[in-house]
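Peer 1: Residue numbers (my numbering): 201 to 917. Beta carbons: idealized from backbone N, C-alpha and C, even for Gly. Note that the structure is predicted; figures quoted are calculated from it, not measured. Okay, here's the structure, questions in a sec.
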């Protein structure tokens, strides 16, 4: 049956589609056998599907072998530098925009400083440090504490091979205006912008004090400048922090904190520990004290000795009040571990009793020794008061108050920035007695710009080298006045007689009858000791000086330190850490009070015999010990210093010549003489006896002798 309106294609289209699909199906099936289009990617390459499981098995076995490998190969790891990143970040802090003034009012003030304000034009300023002011130098003799040499081997090179270890040195002092430095850090100057406060507020400290010296030659010319070495045992900041290379900016910031904590040790170092001689003082105060020493009258000298004797009594009484030492003999015998045990672990009662008896005997000997010294000092005080009465200045009730004149403590403001007078000093032990020197100083501080190179801008004139320098230096100070180092021995002429003349009235050199009398002073145990001498032409200057008794020499291997200090009259207590110094506490002061140095007061105007005499020491009531005390037997290892010391000077008398003119005086004209000596190196010098003792040197030497002279010694003029 023929369908109306339907074509042949329309009638058979489904058969055509079915036929095409069958052809495609047959083609796909055929391709599976003719080609390999189905592949899987594994391990970076393509494999057939049937090989997938084999490849997976191989990979698993390899992974298991890697896990079981005892020495696997590890990948390299790059560790980031946290310190470097921090330094980089901190060096770029100044790239932040600075606060600007606003049009709505004044800038904010925090802590008295403007946070806002215009940025100063110009390149950044270098670390501003002022020139040190008013440098002063002073020479001093002391006797070194022999126990200090046990802890400081290098110090032995500066002292003699035998005790007493008398040592001369020079100290140089100056000040810095830290307030001016801070003002420049805040404000800059007309040509530079200031250093950002965030760079220096973490701390600016004095890292080192540097000194140079020149020596005056025989030709009157100064030598080239030479660096001054630190004294043995001085604090070394870089050694203390364990660094011998240039620090990084971060390391320097940590070192600055150590420097701020150690400012006294760096800027005001301790002198050598001493057991005799005038206490060390900063040069400005030492000069003031020495001037007072030189101008002391006989009454001043007696009062000074009385003061020292009273303070010695107070110190000894303090030692009595302290009681015995805590460390007993039983602890010493057992190494500090208690009583020695008997066999079987039980304590030995006999040993315990012996130790107790030994401790009691030692304590009794200690108390007896101190009482003997108190008796001796009280006798000296009475003798001195008798001398004052004979001189017309009997002891009055206000004497002790007048005698308490003392120096103010050194400036303890350790901050450099903001301090208008930051005090610092150095010591020089590499000096020659009798030589003349002058000194200059400067200080080294940390440089706040160090490591900030990325924050600087060379296009506006910034000096990039400033960021590469860890330290900044102040300018050199001016040179000090010349300072003469005290000689070990001096000869001062007192009078002279010319030789008899021969025919024609011509004096023969070395002729019969020429002579000269002189005083000889020699440094021994912290003071100059005096002797006298008479010379004829051809004689070398050789004599003996009297030392007096009560001075001791110690075998440091046998004598305990506290025993030696008690006999020497010193204490191991100084708030400035300057070693062992004499106890300067006024009578009645607490042992814990700060120790102040003293200046001898000059006689008050108007003091005289009309003042009421009120003795301060009654010999019958001095102490509560009616039994006489036998002379002390010195401990093993302690010997008394000789009472006389031989002295030879490198000077030979050549001749004595009378000048043709005389010196007019109230009693008429007195002859004048020239005395000729040949001294070290064959140098011939001439001196006048009438002028030889009219010098500041003689006054200073004489004052040292008078203060060190035993109370009961009478001078041989």
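Let's test the definition: count the other Cβ atoms within 10 Å of the Cβ of residue 221 and tell me whether it reaches 16, buried, or not, exposed.
Peer 2: Locating residue 221 in the chain shown gives position 21, counting from the first residue. Residue 221 is exposed by the Cβ-count criterion.
Peer 1: So within the stretch 380 to 424, which uninterrupted alpha helix (DSSP H) runs reach at least 4 residues, ignoring any that extend past its ends?
Peer 2: Here the runs fully enclosed are 397 to 400.
Peer 1: With a 10 Å radius around its C-beta and 16 neighbouring C-beta atoms as the bar for buried, classify residue 262 as buried or exposed.
Peer 2: The residue labelled residue 262 in the question sits at position 62 within the chain shown. So residue 262 counts as exposed.
Peer 1: Note the first and the last residue of the continuous beta strand (DSSP E) segment covering residue 342.
Peer 2: Against the chain shown, residue 342 aligns to sequence position 142. Looking at the DSSP string, the run of the beta strand (DSSP E) that includes residue 342 is 333 to 344.
Peer 1: Using beta-carbon positions only, say whether residue 904 and residue 727 come within less than 8 Å of one another.
Peer 2: Here the question's residue 904 lines up with position 704 in the chain shown. Here the question's residue 727 lines up with position 527 in the chain shown. Contact flag set, yes.
Peer 1: Using only alpha-carbon positions, find the residue among 555, 620, 574 that is nearest to residue 382.
Peer 2: Locating residue 382 in the chain shown gives position 182, counting from the first residue. The candidate whose alpha carbon is nearest that of residue 382 is 620.
Peer 1: For a quick check, are the C-beta atoms of residue 154 and residue 405 less than 8 Å apart?
Peer 2: Past the edges of the chain, shown from 201 to 917, lies residue 154, and the structure says nothing about it.
Peer 1: Are the CB atoms of residue 581 and residue 516 within a distance shorter than 8 Å?
Peer 2: Sequence index remark: in the chain shown, residue 516 carries index 316 (1-based). Sequence index remark: in the chain shown, residue 581 carries index 381 (1-based). Not closer than 8 Å, so no.
Peer 1: Does the Cβ-Cβ distance between residue 375 and residue 622 come in under 8 Å?
Peer 2: Here the question's residue 375 lines up with position 175 in the chain shown. Here the question's residue 622 lines up with position 422 in the chain shown. A contact, by the Cβ cut-off of 8 Å.
Peer 1: Which whole runs of the alpha helix (DSSP H) in the stretch 455 to 512 are 4 residues long or more, in chain order?
Peer 2: Listed in chain order, the complete alpha helix (DSSP H) runs (minimum 4 residues) inside the stretch 455 to 512 are 463 to 467, 483 to 494.
Peer 1: For residue 659, does the three-state DSSP call read helix, strand or coil?
Peer 2: One-based indexing of the chain shown puts residue 659 at position 459. Reduced to three states, the DSSP call for residue 659 is helix.
Peer 1: Please report how far the alpha carbon of residue 366 lies from the alpha carbon of residue 373, in whole angstroms.
Peer 2: The residue you call residue 366 lines up with position 166 of the chain shown. The residue you call residue 373 lines up with position 173 of the chain shown. Those two C-alpha atoms are separated by around 23 Å.
Peer 1: So the candidates are 665, 881, 767; which of them puts its Cα closest to the Cα of residue 836?
Peer 2: Your numbering for residue 836 matches position 636 in the chain shown. Closest option to residue 836, Cα to Cα, is 767.
Peer 1: Decide yes or no for the touch test of the stretch 654 to 668 against the stretch 424 to 444: beta carbon pairs closer than 8 Å, at least 3 of them.
Peer 2: Too few Cβ pairs lie closer than 8 Å, so no.
Peer 1: May I have the straight-line CA-CA distance separating residue 216 from residue 209, to the nearest angstrom?
Peer 2: The residue given as residue 216 occupies position 16 in the chain shown. The residue given as residue 209 occupies position 9 in the chain shown. Whole-angstrom Cα-Cα distance: 9 Å.
Peer 1: For residue 429, which residues from the same chain have a beta carbon less than 7 Å from its beta carbon, with the 5 sequence-adjacent residues on both sides left out?
Peer 2: Looking up residue 429 in the chain shown gives position 229. Answer for residue 429: 630, listed in chain order.
Peer 1: Any Cβ of chain B within less than 8 Å of the Cβ of residue 764?
Peer 2: Included in the structure is just one protein chain, with no chain B present.
Peer 1: For a test of the three-state rule: what should DSSP assign to residue 241, helix, strand or coil?
Peer 2: Taking the chain shown and counting its residues from 1, the one referred to as residue 241 is at position 41. Residue state, collapsed to three classes: strand.
Peer 1: Leaving aside the five residues before and after residue 965 along the sequence, list all residues of the same chain whose C-beta is less than 8 Å from its C-beta, in chain order.
Peer 2: Nothing can be reported for residue 965: it is not among the residues displayed for the chain, which extend from 201 to 917.
Peer 1: For the candidate residues 351, 459, 277, whose alpha-carbon lies nearest to that of residue 756?
Peer 2: The residue you call residue 756 lines up with position 556 of the chain shown. Closest by alpha carbon: 351.
Peer 1: Do you know how far the Cα of residue 257 is from the Cα of residue 214?
Peer 2: Taking the first residue of the chain shown as position 1, residue 214 is located at position 14. Taking the first residue of the chain shown as position 1, residue 257 is located at position 57. Straight-line Cα distance between these residues: approximately 50 Å.
Peer 1: Would you check if the distance between the CB atom of residue 880 and the CB atom of residue 850 is smaller than 8 Å?
Peer 2: Position 680 of the chain shown, counted from the start, is the residue given in the question as residue 880. Position 650 of the chain shown, counted from the start, is the residue given in the question as residue 850. The answer is yes: Cβ separation under 8 Å.
Peer 1: Given residue 810, which residues of its chain have a CB within under 6 Å of its CB, disregarding the five upstream and five downstream residues?
Peer 2: Along the chain shown, read from residue 1 onward, the residue named residue 810 stands at position 610. Note on residue 810: pLDDT 38, under 50, position unreliable in the model; the coordinate value appears next. Excluding positions up to five away in sequence, the list is empty.
Peer 1: Hey, residue 501 and residue 859 are a contact pair by Cβ (cut 8 Å); roughly how many whole angstroms apart?
Peer 2: In the chain shown, counting from the first residue as 1, residue 501 sits at position 301. In the chain shown, counting from the first residue as 1, residue 859 sits at position 659. No, residue 501 and residue 859 are not in contact; Cβ-Cβ is about 35 Å, not under 8 Å.
Peer 1: May I have the straight-line CA-CA distance separating residue 389 from residue 330, to the nearest angstrom?
Peer 2: In the chain shown, counting from the first residue as 1, residue 389 sits at position 189. In the chain shown, counting from the first residue as 1, residue 330 sits at position 130. Between residue 389 and residue 330, the C-alpha separation is close to 14 Å.
Peer 1: What's the gap between the Cα of residue 392 and the Cα of residue 435?
Peer 2: Residue 392 sits at position 192 when you count from the first residue of the chain shown. Residue 435 sits at position 235 when you count from the first residue of the chain shown. Residue 392 and residue 435: Cα-Cα distance of roughly 36 Å.
Peer 1: For residue 906, report the span of its alpha helix (DSSP H) as first-last.
Peer 2: The residue labelled residue 906 in the question sits at position 706 within the chain shown. Its alpha helix (DSSP H) spans residues 896 to 908.
Peer 1: Please list the terminal residues of the continuous beta strand (DSSP E) segment that includes residue 732.
Peer 2: Position 532 of the chain shown, counting from 1, holds the residue named residue 732. Counting along the chain, the beta strand (DSSP E) containing residue 732 begins and ends at 727 to 735.
Peer 1: Take residue 242 and list the residues in its own chain whose beta-carbon comes closer than 6 Å to its own, dropping the five residues that flank it on each side.
Peer 2: Residue numbering aside, residue 242 sits at position 42 when the chain shown is read from its first letter. 255, listed in sequence order.
Peer 1: In this structure, does DSSP put residue 522 in helix, strand or coil?
Peer 2: Here residue 522 corresponds to residue number 322 of the chain shown, with the count starting at 1. Note: residue 522 maps to helix in three-state DSSP.
Peer 1: Hey, out of 729, 834, 486, 896, whose CA is closest to residue 846's CA?
Peer 2: Counting from 1 along the chain shown, the entry for residue 846 is found at position 646. Out of 729, 834, 486, 896, 729 has the C-alpha closest to the C-alpha of residue 846.
Peer 1: Taking the alpha carbon of residue 449 as the point to measure from, which residue in 632, 725, 736, 671 has its own alpha carbon closest?
Peer 2: Indexing the chain shown from 1 puts residue 449 at position 249. The shortest C-alpha separation from residue 449 is found at 671.
Peer 1: Which value, in whole angstroms, describes the spacing of the CA atoms of residue 652 and residue 673?
Peer 2: The count along the chain shown starts at 1 and reaches residue 652 at position 452. The count along the chain shown starts at 1 and reaches residue 673 at position 473. Taking the straight line from one Cα to the other gives about 18 Å.
Peer 1: On the DSSP bridge assignment, give the partners of residue 367 in chain order.
Peer 2: Translated into the one-based positions of the chain shown, residue 367 becomes position 167. Residue 367 pairs with 342.
Peer 1: Where does residue 218 fall in DSSP's three states?
Peer 2: For the purposes of this step, residue 218 is taken as the residue at position 18 of the chain shown. Helix at residue 218.
Peer 1: Give me the Cα-Cα distance between residue 560 and residue 724, rounded to the nearest whole angstrom.
Peer 2: As a position in the chain shown, residue 560 is number 360, starting the count at 1. As a position in the chain shown, residue 724 is number 524, starting the count at 1. Going by the C-alpha atoms only, they are around 37 Å apart.
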